[in-house]
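Worksheet: the structure to be examined is printed underneath.
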Amino acid sequence: MMHTLHRLGESIPFEDAIASLLLTVNVFTSIEWFLDHVFGPGMDVLADLLGTPMLGYPYMQRAYLAAVCIALIGPVVGTFLVHREMAMISDTLAHTAFAGVAVGLFLNSALSLSLSPLLTAFVVAVVTALLVELLVEHAGAYSDTSLAIVLTGGFAVGSILITATDGGIAVGIDAYLFGSLATVSTENVGILVLMSVIVGSLVTLAYRPLLYVTFDATAARAARLNVRLYKRLMVVLTALVVVSAMQIMGVILVAAMLVVPVAAAAQVAGSFKQSILLAVLAAEFAAIAGVTLSYVYGIAAGGSIVLAAIAVYAVALGFQGLAHRLPTVRRLHSQRPGQTREGLEADGGERE
1 MMHTLHRLGE SIPFEDAIAS LLLTVNVFTS IEWFLDHVFG PGMDVLADLL
51 GTPMLGYPYM QRAYLAAVCI ALIGPVVGTF LVHREMAMIS DTLAHTAFAG
101 VAVGLFLNSA LSLSLSPLLT AFVVAVVTAL LVELLVEHAG AYSDTSLAIV
151 LTGGFAVGSI LITATDGGIA VGIDAYLFGS LATVSTENVG ILVLMSVIVG
201 SLVTLAYRPL LYVTFDATAA RAARLNVRLY KRLMVVLTAL VVVSAMQIMG
251 VILVAAMLVV PVAAAAQVAG SFKQSILLAV LAAEFAAIAG VTLSYVYGIA
301 AGGSIVLAAI AVYAVALGFQ GLAHRLPTVR RLHSQRPGQT REGLEADGGE
351 RE
């Protein structure tokens with residue numbers, strides 16, 4: 001039987017490393033099987049029924065599945081960030097992820113390595129996420145300044161690394177900056193599906209503590225919750241979502257999927273759980289519509305998805321304005337005891 005634990009100072013057993021490698025291979029093999037035998041044939045049938053050939057193209061099928069995963073994990077994490085008034089952290093981590101991609105491409109170019117830029121982006125983004133949480137913790141009222149410094153610093157590092165090779169890696173980094181449907185590989189989809197499972201599972205398991213920390217960190221400390229741990233968990237999950245999504249969304253726009261659908265849902269939701277659900281639905285609509293528009297008009301996938309999400313937000317604002325004008329609708333959306341100033345029930349939607 002393989003040992004999964006080892007004492008400090010000992011190396012990880014060779015069989016454990018092999019087991020981890022086999023697990024990774026099995027995950028991506030399963031994704032490939034799912035695409036080839038379940039999702040792909042299902043999309044082929046849909047393409048025939050709707051008379052839409054693009055749904056039968058393998059690269060479009062990968063793009064749609066990737067977009068659906070982004071639209072799931074983005075709002076799930078973004079809802080906590082927005083209501084914690086930390087929406088800017090997603091943009092900060094997106095720009096530092098750009099630096100991570102640049103680091104990977106630079107090392108490959110300068111040292112003739114074969115590192116995956118996504119791997120270096122994951123490492124840089126997670127480290128930066130922990131650093132950002134530390135800065136916010138000690139910056140107090142100047143937390144937005146700290147985030148702005150890290151954001152611009154990350155982008156500056158990326159731009160320096162690009163020019164350090166006389167622009168030789170600029171071509172490789174364009175897809176990460178602006179996103180691309182054509183470059184979405186089975187590996188990218190596999191990463192997104194894996195991240196969807198990881199993020200969904202962790203948020204489900206830690207939902208109640210994360211909720212308390214989001215709305216009232218002081219009370220959470222009084223209840224002896226490890227507030228620092230849950231805050232760091234949230235920023236690390238944000239980093240994972242950002243890096244996973246930037247291949248199709250692009251670094252510049254990826255943060256929008258953590259914020260815009262959540263802002264739209266907040267206009268009509270009556271509880272925190274409703275806010276998450278409505279944000280995911282809004283994001284799914286925007287993702288599918290955006291990918292479709294991207295193919296039909298030959299425009300950037302990330303940009304079209306974000307504009308579709310903003311359109312949903314505009315509709316939600318219109319509905320909210322209508323609710324204020326109609327007395328009957330206004331009564332239905334009036335603030336109940338136990339709700340926050342945003343109109344959400346801080347107990348997660350379960351009325352006491």
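Note that the UniProt record's numbering gives residue 209 to position 209 of the sequence shown, counting from 1, and the numbers run on in steps of one. Cβ coordinates follow ideal geometry from the N, Cα and C atoms, glycine included.
Mapping the DSSP letters down to three states, classify residue i as helix, strand or coil.
i, result
"residue 382", "No answer is possible for residue 382: it lies beyond the span of the chain, which begins at 1 and ends at 352."
"SER271", "strand"
"ASP216", "coil"
"SER294", "helix"
"ASN226", "coil"
"THR183", "coil"
"MET246", "helix"
"residue 428", "Residue 428 is absent from the model: the chain starts at 1 and stops at 352."
"ILE191", "helix"
"ALA206", "coil"
"GLY42", "helix"
"THR128", "helix"
"VAL199", "helix"
"THR238", "helix"
"VAL280", "helix"
"LEU253", "coil"
"THR52", "coil"
"LEU22", "The predicted model places LEU22 with a pLDDT of 43, which falls under 50 and marks its position as unreliable; any figure quoted below should be read in that light. Here LEU22 sits in helix by DSSP."
Using a threshold of 9 Å, state whether the C-beta atoms of residue i and residue j are closer than that.
i, j, result
"ALA66", "GLY78", "no"
"ILE70", "ALA287", "yes"
"VAL291", "VAL82", "no"
"ALA316", "VAL268", "yes"
"ALA94", "VAL251", "yes"
"VAL306", "PRO75", "no"
"SER90", "VAL242", "yes"
"MET257", "ALA283", "yes"
"SER185", "ARG325", "no"
"VAL136", "PHE34", "no"
"LEU50", "GLY200", "no"
"LEU177", "PHE122", "no"
"residue 355", "ALA148", "The first residue shown for the chain is 1 and the last is 352, placing residue 355 beyond what the model contains."
"residue 353", "SER275", "Here the chain comprises residues numbered 1 to 352, so residue 353 is not present and cannot be evaluated."
If we count the other Cβ atoms within 10 Å of its Cβ and call it buried at 16 or more, is residue i buried or exposed?
i, result
"VAL197", "exposed"
"ILE160", "exposed"
"PRO53", "exposed"
"ARG208", "exposed"
"PRO58", "exposed"
"ILE299", "exposed"
"ALA245", "buried"
"LEU205", "exposed"
"ALA156", "exposed"
"LEU111", "exposed"
"TYR295", "buried"
"ALA219", "exposed"
"LEU237", "buried"
"GLY158", "buried"
Spatial neighbours of residue i within its chain, please: CB distance less than 7 Å, with the 5 preceding and 5 following residues excluded, ordered by chain position.
i, result
"PHE80", "LEU210, THR214 and MET234"
"LYS231", "GLU133 and VAL213"
"ASP36", "none"
"THR96", "VAL124, ALA125, THR128, VAL150 and GLY154"
"ILE31", "THR186, VAL189, GLY190 and VAL193"
"VAL103", "THR120, VAL124 and LEU161"
"GLY318", "none"
"ILE173", "VAL101, ALA102, LEU105 and ILE162"
"ASP144", "MET88"
"ALA164", "PHE106"
Go to residue i, then tell me how far its alpha helix (DSSP H) extends in each direction, as first and last residue.
i, result
"LEU93", "88-111"
"residue 403", "Look at the range of the chain in this structure, 1 to 352, and you will see that residue 403 is not part of it."
"HIS83", "58-83"
"MET257", "256-266"
Check whether chain B comes within 9 Å of residue i, counting only Cβ atoms and requiring the distance to be less than that.
i, result
"SER304", "Any reference to chain B falls outside this structure, which holds one protein chain only."
Note down, in chain order, each residue of its chain lying with its Cβ closer than 6 Å to the Cβ of residue i, except the 5 sequence neighbours on either side.
i, result
"SER180", "none"
"MET249", "GLY179 and GLY302"
"GLY56", "ASP44 and ALA47"
"TYR313", "VAL260, ALA263 and ALA264"
"ALA309", "VAL260, PRO261 and ALA286"
"VAL254", "ALA94, VAL242, ALA245 and MET246"
"residue 394", "The requested residue 394 does not occur in the structure, where the chain is confined to residues 1 to 352."
Can you give me the Cβ contacts of residue i inside the same chain, cut-off strictly under 8 Å, excluding the 5 residues immediately before and after it?
i, result
"LEU107", "LEU113, LEU115 and THR120"
"ALA182", "TYR59"
"MET195", "CYS69, ILE73, LEU240, VAL241 and SER244"
"LEU225", "PRO209, TYR212 and VAL213"
"GLY40", "PRO58 and GLN61"
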